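Going down the list, the protein sequences come from chains A and B.
Residue numbers are given in the numbering used here: position 304 of the first sequence equals residue 295, and the series is strictly consecutive.
So the number in the numbering used here is just where the residue sits in the second sequence, counting from 1, plus 104.
Glycine included, each C-beta is placed from N, C-alpha and C at the ideal position.
If you're wondering where the values come from, they're calculated on a predicted model, not measured in any experiment.
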Amino acid sequence: MVITYLAGSVAVVLSLFFSRNKQFVYSLLSLFLVWQIWFTFQVCTHAGITDSEYFTFDSLGILLLVTLSIIAIPAAIHSYIYIENHAETPRSRSIYLAALILLIMAISAGYLSNHIAVTWIFTEITTLSASALIYHHRNKLALEGTWKYVFICAISITFIFIGILFLSLALQHAGSDNLSFSNLLAKSQELNPVWLQMAFLFIFTGFTAKLGLVPMFTAGIDAKDTAPAPAGALLASVLMNLGFVGIFRFYIVIANTPLLHWAKLVVGTAAFLSLFVATVYMLKVKNIKRMFAYSGIEHMGIVMLGIAAGGIGYYAAILHIILHAFVKSSLFFQYNQLYRVFQNKSITHIGNYFKYNTTGAMVLLLGFISSAAMPPSGLFVSEFLIFKSLFDAKQILLLIVVLLLLTMIIWAFGKNIFKVLFLPAEGFDDSNVVRTSPWESLSQFLLLAAAVYLGLNPPVEFVQLIKDSIILLPH
Amino acid sequence: MIHVLLIIFIITLFYMAIANRLMTYIKVLALQGVLLFFVVFIQLSEINPVNLALILLETIVFKSLAVPIFLSYLLKRNNITREAEPFLPNFVSLVITTSIVVVNILIATMIKDDHLDKIFFVVALSTLFFGLYLIATRRKIITHVMGYMVIENGVFVLSLAIGNEMPILVNLGIMLDIFASVLILGIFMNKIGDVFKDVDVDQLSNLKDY
């Protein structure tokens, strides 16, 4: 089934790459969306089975795949709006859409893979497709962003590979050479602890480039800044989730060994440092798109704190990562409409947005409330649970510092957002402001509403899926 | 014999740490490719012809011919000045490289493991960290690319150390190597050289927060 999906998607990507006809290109895009939804549906109905040897449709994979497919639809719609508004050449349009589809395909397959080397291969493919998206504008800034992204990701991917090599050394002590996660878990007691530690350090560092955590977070920020916003929305939400999957699946293995405490320390330190770094940057950032990106770093820091704290924190982390994907992608989708009005990314030159586009301003306001985890945002629930897990883990001091940092982040985020919404922009001539149709904000409202609904009143199946995905962790 | 080759490999790192000209770096990279080929040839005892062809392609054709020729072509095409322009003096470089190797030897002696030849471990990790060090302390972007190639060589040595038991990992490593290098060099060739003349990392600082 997965092989069919991959083959079909690659066929779409290739035909998109070589076709220049407008109608044909857009019908291919719609075809792919149908294909993606069909595949998601198939995966959901065949939950639990292993397909083509290397892909298992487990709960975590299903949850994130559904999230991806939901976000992929508005991403396609906004890409269409974006391309139509920018008078793209047929060539750059084809490359953009082909790269977008390749990215969605690689992320989907990466979620479902049950073998660390397969996850690694699909992570590599996301680097390739993301770099094509980042380079879309073909100017100096785009080149700089692409170069930094490609270089850092290349080093990170090499790190993951080194980690896999160490992991195979650890596994040789258990007399096995099968690197699938289930086999690693089965043999977890026999793995050599020294090599396992080395493997975890390298694999964790490597995946932080995708997850957006200290130390490799920088590449992602530049990427989200320079990529077109609909692609940036995918980079800032579902691609980060792929990094999470890579780390989380391996974390399950190490959590079942005596190294659990050490791994918690590593993850917790990286998470705390990420929160700290995000605070520092949020306080001084003036570029609104980068501000959204730094807010993503903050949320990933919170998620990993939940993982490090354990207990209810595991549940909350998975919930948080899904809700965050909805919220953050809706903010990125809104960004293009904002840019169309002001033609500027700098917060100093953006302002009074309520006056020019009331619906869009509502999205920004609600998106801010959601992202800052104020009630009724769904993120409030997950963040609250993560703080509770820190409390249970007797990390009161850490919790206080984290709360202080979060207060600063909310202050900085709020200051900038309210400036954008209510204060006049510097040197902006509002005699002929571009009008945007309120319908363009519909998908953002739906995504934000989904985040509220899933957080406050989660359906039973949803809760069950999250519980199933953390069942292998020691409680 | 393998040990001799690997020690020569370490010596090339020291030479690279104090080399001044970019052409020297390129020649050292080519030499490392040849050394790696002989290491593979001796190390992998039961090698089948397909694998041998792949490794030959990777080490000799790719590492010692294609990449060096391509890098020197880039040097000429973009009129990159021939000095490496390190941030630190060569003496300090040499001291740091030595300490990288020493620390790795110390780590290796602490690990007790029959599955892994210690010298492979030392060489691989020293090469890896030396590559990172090279990236961090040289000003030109092309030296970053060279640093990345050095890291790739280190990873290759490491994958050889366990290659006898898991040949698939060697092949995966080769795939990574070729894929990432083509991606990086592709961008470097097509774009950066055209857009930024005499390429320097200082020019890549336009993406700002404000």
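The alpha helix (DSSP H) enclosing residue i, as first and last residue numbers
| i | result |
| --- | --- |
| A:Ala352 | 349 to 362 |
| A:Trp253 | 251 to 275 |
| A:Lys385 | Here A:Lys385 belongs to no alpha helix (DSSP H), and DSSP marks it neither H nor E. |
| B:Thr213 | 194 to 214 |
| A:Thr114 | 107 to 125 |
| B:Lys87 | Lying outside 105 to 314, the shown extent of chain B, residue 87 of chain B is not represented and no answer is given. |
| A:Gly342 | Per DSSP, A:Gly342 belongs to no alpha helix (DSSP H) and is neither H nor E. |
| A:Ala38 | Looking at the DSSP string, A:Ala38 is not in any alpha helix (DSSP H), and its letter there is neither H nor E. |
| B:Ala134 | 126 to 147 |
| B:Leu161 | Element bounds for B:Leu161: n/a, residue is neither H nor E. |
| A:Trp430 | Run containing A:Trp430: none; DSSP gives neither H nor E here. |
| A:Asp213 | 209 to 217 |
| B:Gln307 | Neither: B:Gln307 is in no alpha helix (DSSP H) and is coded neither H nor E. |
| A:Asn174 | 172 to 177 |
| B:Lys167 | Looking at the DSSP string, B:Lys167 is not in any alpha helix (DSSP H), and its letter there is neither H nor E. |
| B:Asp218 | Counting along the chain, B:Asp218 falls outside any alpha helix (DSSP H), and DSSP gives it neither H nor E. |
| A:Thr199 | 184 to 202 |
| A:Ser320 | 303 to 333 |
Neighbour flag for residue i against chain B, beta carbons, 8 Å
| i | result |
| --- | --- |
| A:Val185 | yes |
| A:Leu134 | yes |
| A:Val141 | yes |
| A:Asp216 | yes |
| A:Ser159 | yes |
| A:Leu204 | no |
Nearest neighbour of residue i, chosen from the options [CA to CA]
| i | options | result |
| --- | --- | --- |
| A:Leu54 | A:Leu464, A:Val454, A:Val393, A:Tyr17 | A:Val454 |
| B:Tyr129 | B:His248, B:Ser285, B:Asp281 | B:His248 |
| A:Asn448 | A:Ile408, A:Tyr272, A:Phe371, A:Thr270 | A:Phe371 |
| A:Ile148 | A:Ser159, A:Ile112, A:Ser179 | A:Ile112 |
| B:Glu189 | B:Ile173, B:Asn152, B:Val274, B:Ala240 | B:Ala240 |
| B:Ile164 | B:Thr185, B:Gly137, B:Ser176, B:Asn183 | B:Gly137 |
| A:Tyr140 | A:Ala121, A:Ile400, A:Thr270, A:Leu445 | A:Ala121 |
| B:Phe66 | B:Ile159, B:Leu178, B:Leu135, B:Ile112 | This structure cannot speak to residue 66 of chain B, because chain B is shown only from 105 to 314. |
| B:Val196 | B:Ile146, B:Ile122, B:Thr213, B:Leu308 | B:Ile122 |
| A:Asp420 | A:Val332, A:Ile462, A:Leu5, A:Leu357 | A:Val332 |
| A:Phe48 | A:Asp459, A:Pro465, A:Met207 | A:Asp459 |
| A:Ser173 | A:Ile74, A:Tyr17, A:His106 | A:His106 |
| A:Tyr344 | A:Arg129, A:Ile309, A:Val424 | A:Val424 |
| B:Phe233 | B:Ile223, B:Phe166, B:Thr202 | B:Thr202 |
| A:Asn76 | A:Asn327, A:Leu376, A:Thr350 | A:Asn327 |
| B:Phe260 | B:Val144, B:Leu126, B:Thr116 | B:Val144 |
Expected contact under 8 Å - CB spacing of residue i and residue j to nearest Å
| i | j | result |
| --- | --- | --- |
| A:Gly136 | A:Asp216 | 7 Å |
| B:Pro271 | B:Asn155 | 6 Å |
| A:Lys410 | A:Ile338 | 6 Å |
| A:Asn407 | A:Ile212 | Not quite, the Cβ-Cβ distance comes to about 16 Å (not below 8 Å), so this is no contact. |
| A:Leu162 | A:Lys178 | 7 Å |
| A:Thr117 | A:Leu230 | 6 Å |
| B:Ile255 | B:Leu236 | 7 Å |
| A:Ile313 | A:Thr58 | 5 Å |
| B:Ser230 | B:Ile204 | 6 Å |
| A:Ser85 | A:Arg11 | 6 Å |
| A:Ile143 | A:Ala78 | The Cβ separation is near 32 Å, so there is no contact. |
| A:Thr110 | A:Gly237 | 5 Å |
8 Å Cβ cutoff met for residue i and residue j
| i | j | result |
| --- | --- | --- |
| A:Gly203 | A:Gly259 | no |
| A:Gly297 | A:Ser171 | no |
| A:Phe283 | A:Lys319 | yes |
| A:Phe323 | A:Ala440 | no |
| A:Asn348 | A:Ile341 | no |
| B:Lys131 | B:Ile184 | no |
| B:Ile288 | A:Ala145 | yes |
Neighbour flag for residue i against chain A, beta carbons, 8 Å
| i | result |
| --- | --- |
| B:Lys295 | yes |
| B:Leu117 | no |
| B:Gly137 | no |
| B:Tyr129 | no |
| B:Thr252 | Looking at the sequence itself, residue 252 of chain B is Tyr, so the reference to Thr does not match. Yes, B:Tyr252 counts as interfacial toward chain A. |
| B:Leu220 | yes |
| B:Ser263 | yes |
| B:Glu189 | no |
| B:Asn310 | yes |
| B:Phe174 | no |
| B:His107 | no |
| B:Val259 | yes |
| B:Ala284 | yes |
| B:Ile204 | no |
| B:Ile266 | yes |
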